[in-house]
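Peer 1:
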């Protein structure tokens, strides 16, 4: 997954059990002297739009807090080039993670992408799959997971 | 993961489609939970208006059930976090099946 323009690479966890999208900001401390492998530097994105809306969530494995930002998100393609099949979502509203507890500490992802229904969304936030449908980015309005033992 | 399509090479047989009854998470009607082939009756006598539901949460690796269901589980010898059974191998746990869409 890539956030902003020019695109910044981060790793995402696609969560069918929540609806909002969360992105770890470069300035956010992880605690436990953990270094960030990837993160979102909003100051380096020329398409970022801050909002005053506060964002907060409690997961089973920790908590996140920050503000809602809008920026472009791209899905797919490992080298970040606009190859065949990359999905470019314009101005997705997501929680810019400014404080975090345990979620991103030692994790192998820097974003949680909520795939559940709009009924669980924060006020005024359109979930990423609804944005994909609304911006007519998909041939069929389907997503799928493949579970592998590898 | 795919968006806009699914890969037919990744599975055998026909795809089974189920209606989402509860559109918060992906709440789908659950018919029954079987343990070693026997019904646990967790979804027995549920009115059509309040069906037994199961939701698929890609953001966790745990399975959770409401309190009332743990009673049925314990009655059928299914280990839960409050009814711990020490297993030497995963097989010892037994064979648990989720019946969705009659399958």
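Residue numbers (our numbering), protein chains in the order written: chain A, -9 to 140; chain B, 65 to 167.
Where a beta carbon is used, it is the ideal one built from N, C-alpha and C, also for glycine.
These numbers come from a predicted model, not from an experiment.
1) If you follow the beta strand (DSSP E) that residue 138 of chain B is in, where does it begin and where does it stop?
2) Can you give me the start and stop residues for the alpha helix (DSSP H) that residue 123 of chain A sits inside?
3) Using a beta-carbon distance cut-off of less than 7 Å, what residues from the stretch -7 to 7 of chain A approach chain B?
4) Which residues in chain A sit within 7 Å of residue 165 of chain B, going by Cβ to Cβ distance?
5) From the DSSP output, in three-state form, read off residue 61 of chain A for me.
6) Between residue 66 of chain B and chain A, is there a C-beta pair that is closer than 8 Å?
7) Whole angstroms are fine: how far does the CA of residue 79 of chain B sit from the CA of residue 73 of chain B?
8) Roughly how many angstroms lie between the CA atoms of residue 119 of chain B and residue 22 of chain A, to the nearest whole one?
9) Taking C-beta pairs closer than 8 Å, name the residues in chain A that residue 157 of chain B reaches, listed in chain order.
10) Would you say residue 124 of chain B reaches chain A, if we count a Cβ-Cβ gap shorter than 8 Å as a contact?
11) Taking DSSP as the reference, what is the three-state secondary structure of residue 110 of chain A?
12) Can you list the residues of chain B that residue 102 of chain A reaches, using a CB-CB cut of under 9 Å?
13) Between the alpha carbons of residue 112 of chain B and residue 18 of chain A, how many angstroms are there, rounded?
14) Checking 8 Å against the spacing of the C-beta atoms, do residue 14 of chain A and residue 26 of chain A come in under that value?
15) Is residue 71 of chain B helix, strand or coil when you go by DSSP?
16) Buried or exposed: where does residue 107 of chain B fall if 16 or more other Cβ atoms within 10 Å of its Cβ makes it buried?
17) Going by the CB atoms, is the gap between residue 106 of chain A and residue 167 of chain A shorter than 8 Å?
Peer 2: A quick look at the data gives this:
1) Here residue 138 of chain B belongs to no beta strand (DSSP E); instead the alpha helix (DSSP H) covers 131 to 139.
2) 118 to 124
3) 3, 4, 5, 6, 7
4) By Cβ distance, chain A contributes nothing, its closest Cβ being about 17 Å from residue 165 of chain B, past 7 Å.
5) strand
6) yes
7) 12 Å
8) 34 Å
9) Simply none; closest approach about 18 Å.
10) yes
11) helix
12) 123
13) Approximately 48 Å between the Cα atoms of the pair.
14) yes
15) coil
16) buried
17) With chain A covering only -9 through 140, there is no way to say anything about residue 167 of chain A.
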